[in-house]
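**Student:** Protein chains in written order, with this note's numbering: chain A, 1 to 475; chain B, 476 to 721. Here it is, the structure, as structure tokens.
Below, the structure is given as structure tokens:
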């Protein structure tokens, strides 16, 4: 490295301004460039004299992964420089600033905890969809945009499962931040996106209770305890925490990744549908497990070398797809709803782990009173929910894999699309009514959903000319 | 600049044609061929002529051990390879032999070194099969990227600032960023006789502007080549090998 960063230094057209932050491994500077508008920051790794392997490799990993990420949940990369002159990465500056000061105020009001958690989980889900596991999620590594999106930074320990893993052989000890590191990361696994869900669970626990679930260990020996010792149930610390939230937190903190949420999208779905979270024994727990139970776990876990990692990030993300089924409950849609239900059952043969989110839309007037607020509207809402449950009953899925939502809006197609986008849905299934002239000219709801949804859409039709026969149904 | 890197064509016309068609669909500026145009396969003359025509229009080509043996150099070889080379020699016309004899051992362009086998003493035809075997190449050359063939099984290795050479795991079909802070060596898979269990032609696409390398596979009519091998009376093992990719 030839140059050291300082205010006023110009490199590749970037001029360094004020130093914003000094961390253990890097400094952050405000920079300007004549060709680039908007506020930018430069991260310069602090390379110790001589050969500073870990810092160098961590920085190489960031240089490799960050330019391949996109979307609102990561900072946009503007430029980078190599080790020959001065290593750096320039990104857009996230104006909303660090999430850490908010985190330090924990315990927070529960409504804030839930809202913040949903935004964090959403960001992580977006990252996993881009084949990247962060592996060092902690409050310091979340920034907030002024528009509210959480932005993740510091990808020095991350793993892009379609690129070479430069860190694979570099370190012989587990990498991560002790309070948030997942049990399988302790066992040196770098391939499991569910490790990030454990870290989210740990942060969510801390936001809700003001304490870390596995304490604040100072040594790897201390980290290892989380393989057998369960955290104090959050409701034992703060009784007003609802059971459903404890269920979510403790599920995210499960020791075995198989017993955790399998995808971030699934966790986000639960955070935004609290009434439909299936409560297990975890939800009601008010004490830590007894010493005998812990001892039994210790006997198994102390010999454990690894948990089974998924085949790939993409395979894990796709393992539990969320499928929205938009059902028409009007009398004229009855036959179509039946055909749709059969198609859903067939889909479950292909995707046996899928979660089915049944939705029905109440069309409201564009202008005028909101039907949902008066008594009549409320009754309609409840009636539709009952009908939707009756429709779904024959799908024969356990409760925790079925949810029911009645949406309201002037534009049913848009309501379905918005719901699918907000819940990071993988697939929409819906029926299309016949070919009437009005539909041809005005457009149908299904055509709008097919054209505008961000996910796959399957449209089911009744065969023309009378009763549907199973062997001629569209697949 | 986008460079298609082909190696170990081994007189397999079907595989070579399939790769050239694939290359044409990838908006490539330059073709580099890392040797072993002939040997093993049933169409050495056609492959020589096609490579010669590509070289005429600007392609880079270096010499492999089978090319060397085909023009009469005393290379030590397995019995199977020797049988095929003896057959090959009878197929080649004077002009084709002259073309092979005129090939250089190494070539360099855009900071990339092209060589058939290990970059240290290329004439020894050392197989680069691991990071340990890749280290001498990094010591012998200062190129940012060394591209070689000879092994028929693709491999990627990097040499970091501290001089540590490590093999890197990669996936086919996805661009691999060649970080500027490291030097890189890639063994490109074989066009005409893949040996990693996948009976598809191997090649690589280098984008020097983006500093990305993509290992690619192109399916081809291996049954067609196997039939030609049998018709030519070449050993049955060579036909089976193409069908199984090993």
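Ideal placement from N, C-alpha and C gives every residue a C-beta, glycine not left out. Bear in mind that the values here come from a model prediction, so they are computed numbers and not experimental data.
1) Quick one: what does DSSP say residue 643/B is sitting in, helix, strand or coil?
2) Pick helix, strand or coil for residue 14/A, following the three-state DSSP scheme.
3) Suppose the cutoff is 6 Å on Cβ atoms and the five residues either side in sequence are ignored; what does the same chain contact list for residue 361/A look like?
4) So which of 314/A, 174/A, 25/A has the shortest CA-CA distance to residue 194/A?
5) Can you name the residues of chain B whose CB is closer than 9 Å to the CB of residue 56/A?
6) I'd like to know if residue 310/A contacts chain B, where contact means its C-beta is closer than 8 Å to some C-beta of that chain.
7) Since residue 651/B meets chain A, which of its residues come closer than 8 Å, beta carbon to beta carbon?
8) Any beta carbon of chain A sitting closer than 8 Å to that of residue 564/B?
9) Taking buried to mean at least 16 other C-beta atoms within 10 Å of its own C-beta, is residue 300/A buried or exposed?
10) What does the alpha-carbon distance come out to for the pair residue 303/A and residue 224/A?
11) Distance, Cα to Cα, residue 603/B vs residue 344/A?
12) In angstroms with no decimal places, state the Cα-to-Cα distance between residue 494/B and residue 483/B.
13) If we require 3 or more residues per run, which beta strand (DSSP E) segments fall completely within the region 338 to 386 of chain A?
14) Would you mind telling me which residues of chain A sit closer than 7 Å to residue 643/B, beta carbon to beta carbon, in chain order?
15) Leaving out five residues before and five after residue 568/B in sequence, what residues of the same chain have Cβ atoms less than 7 Å from its Cβ?
16) If the cut is a Cβ gap below 8 Å, which residues of chain B does residue 156/A touch?
17) Starting from residue 505/B, follow its DSSP beta bridges and name the residues at the other end.
18) Using a Cβ-Cβ cutoff of less than 8 Å, which residues in the same chain neighbour residue 11/A once the five nearest sequence positions on both sides are dropped?
19) Whole beta strand (DSSP E) runs in the region 596 to 683 of chain B with 3 or more residues, listed along the chain?
20) Show which residues of chain A have a CB atom less than 7 Å away from the CB atom of residue 646/B.
21) Here's a check: name, in chain order, each residue in its chain whose Cβ is nearer than 6 Å to the Cβ of residue 470/A, leaving out the five neighbours to either side.
22) For residue 202/A and residue 700/B, what's the separation of their Cα atoms in angstroms?
23) At which residues does the alpha helix (DSSP H) containing residue 530/B begin and terminate?
24) So with Cβ pairs under 8 Å, would you call residue 82/A a contact of chain B?
25) For residue 228/A versus residue 274/A, is the C-beta distance shorter than 8 Å?
26) Step through the CB atoms of chain B and report whether any lies within less than 8 Å of the CB of residue 266/A.
27) Under three-state DSSP, which class holds residue 450/A?
28) Nearest to residue 648/B by CA position, among 485/B, 600/B, 693/B, is which residue?
29) Kindly list, in the order they appear in chain A, the residues whose Cβ is closer than 7 Å to that of residue 709/B.
30) Please tell me whether residue 662/B and residue 634/B are closer than 8 Å, where the distance is taken between their beta carbons.
31) Using 8 Å for Cβ pairs, my map puts residue 509/B next to residue 591/B. What's the rounded Cβ distance?
32) Identify the continuous alpha helix (DSSP H) that holds residue 290/A and give its terminal residues.
33) Would you mind sorting residue 173/A into buried or exposed? The rule is 16 or more other CB atoms within 10 Å of its CB.
34) Could you tell me the alpha carbon to alpha carbon distance between residue 28/A and residue 97/A, rounded to whole angstroms?
35) Taking only beta-carbon positions, decide if residue 631/B is within less than 8 Å of chain A.
**Tutor:** If we stick to the structure as given:
1) Here residue 643/B refers to the residue found at position 168 when the second chain is read from its first residue. Three-state result, residue 643/B: coil.
2) The residue you call residue 14/A lines up with position 14 of the first chain. Reduced to three states, the DSSP call for residue 14/A is strand.
3) Residue 361/A sits at position 361 when you count from the first residue of the first chain. Short of 6 Å from the beta carbon of residue 361/A, and not among the five residues preceding or following it, lie these beta carbons of its own chain, in chain order: 407, 412, 415.
4) The sequence position of residue 194/A within the first chain is 194, counting from 1. Ranking the options by Cα distance to residue 194/A, first place goes to 314/A.
5) On the first chain, position 56 is the one that residue 56/A refers to. By Cβ distance, chain B contributes 635, 636, 637, 656.
6) Within the first chain, residue 310/A is the residue found at index 310, counting from 1. By this cut-off, residue 310/A is not an interface position.
7) As a working mapping, residue 651/B is identified with position 176 in the second chain. What residue 651/B touches in chain A: 163, 164.
8) For the purposes of this step, residue 564/B is taken as residue 89 along the second chain, with counting starting at 1. No, residue 564/B lies away from the interface with chain A (no Cβ there is under 8 Å from its Cβ).
9) One-based indexing of the first chain puts residue 300/A at position 300. With fewer than 16 Cβ atoms within 10 Å of its Cβ, residue 300/A is classed as exposed.
10) By 1-based counting over the first chain, the position of residue 303/A is 303. By 1-based counting over the first chain, the position of residue 224/A is 224. In a straight line, the C-alpha of residue 303/A is about 12 Å away from that of residue 224/A.
11) Taking the first residue of the second chain as position 1, residue 603/B is located at position 128. Taking the first residue of the first chain as position 1, residue 344/A is located at position 344. Near 53 Å, if we compare the C-alpha coordinates of residue 344/A and residue 603/B.
12) Counting from one through the second chain, the residue named residue 494/B turns up at place 19. Counting from one through the second chain, the residue named residue 483/B turns up at place 8. Going by the C-alpha atoms only, they are around 12 Å apart.
13) 355 to 363
14) Position 168 of the second chain, counted from the start, is the residue given in the question as residue 643/B. Simply 164.
15) Walking along the second chain from the start, residue 568/B turns up at place 93. Excluding positions up to five away in sequence, the list reads 520.
16) Your numbering for residue 156/A matches position 156 in the first chain. Those do not exist, as residue 156/A stays about 14 Å from chain B at its closest Cβ, beyond 8 Å.
17) Walking along the second chain from the start, residue 505/B turns up at place 30. DSSP lists 478/B as partners of residue 505/B.
18) As a working note, residue 11/A is residue 11 in the first chain. Hits under 8 Å: 3, 81, 85, 86, 88.
19) 620 to 623, 630 to 634, 640 to 642, 658 to 662, 676 to 682
20) Start at 1 with the first residue of the second chain, and residue 646/B comes out as number 171. Neighbours of residue 646/B on chain A, chain order: 162.
21) Along the first chain, read from residue 1 onward, the residue named residue 470/A stands at position 470. For residue 470/A, the predicted model reports a pLDDT of 47, less than 50, meaning its position is unreliable; a value from the coordinates is still stated below. Around residue 470/A: no qualifying Cβ.
22) By 1-based counting over the first chain, the position of residue 202/A is 202. By 1-based counting over the second chain, the position of residue 700/B is 225. Cα to Cα, the separation comes out at about 59 Å.
23) The residue given as residue 530/B occupies position 55 in the second chain. Residue 530/B -> alpha helix (DSSP H) spans 519 to 531.
24) Here residue 82/A refers to the residue found at position 82 when the first chain is read from its first residue. Residue contact check for residue 82/A against chain B: a CB pair falls below 8 Å.
25) The residue you call residue 228/A lines up with position 228 of the first chain. The residue you call residue 274/A lines up with position 274 of the first chain. No.
26) Here residue 266/A corresponds to residue number 266 of the first chain, with the count starting at 1. No, because no Cβ of chain B sits closer than 8 Å to the Cβ of residue 266/A.
27) The residue you call residue 450/A lines up with position 450 of the first chain. Looking at residue 450/A - three-state DSSP - the assignment turns out to be helix.
28) To locate residue 648/B, count along the second chain from 1; it is residue 173. Checked all of 485/B, 600/B, 693/B; the closest Cα to residue 648/B is 693/B.
29) By one-based count along the second chain, residue 709/B stands at place 234. The contacting residues do not exist; residue 709/B stays about 38 Å from chain A at best.
30) Counting from one through the second chain, the residue named residue 662/B turns up at place 187. Counting from one through the second chain, the residue named residue 634/B turns up at place 159. Contact flag unset, no.
31) Indexing the second chain from 1 puts residue 509/B at position 34. Indexing the second chain from 1 puts residue 591/B at position 116. Between residue 591/B and residue 509/B the Cβ distance is about 5 Å, and since that is below 8 Å, they are a contact.
32) Mapped onto the first chain, residue 290/A falls at position 290. Unbroken run through residue 290/A: none, as it is neither H nor E.
33) For this step, residue 173/A is matched to residue 173 along the first chain. So residue 173/A counts as exposed.
34) Taking the first residue of the first chain as position 1, residue 28/A is located at position 28. Taking the first residue of the first chain as position 1, residue 97/A is located at position 97. Distance between the alpha carbons of residue 28/A and residue 97/A: 13 Å.
35) In the second chain, counting from the first residue as 1, residue 631/B sits at position 156. Answer yes: the Cβ-Cβ gap between residue 631/B and chain A drops below 8 Å somewhere.
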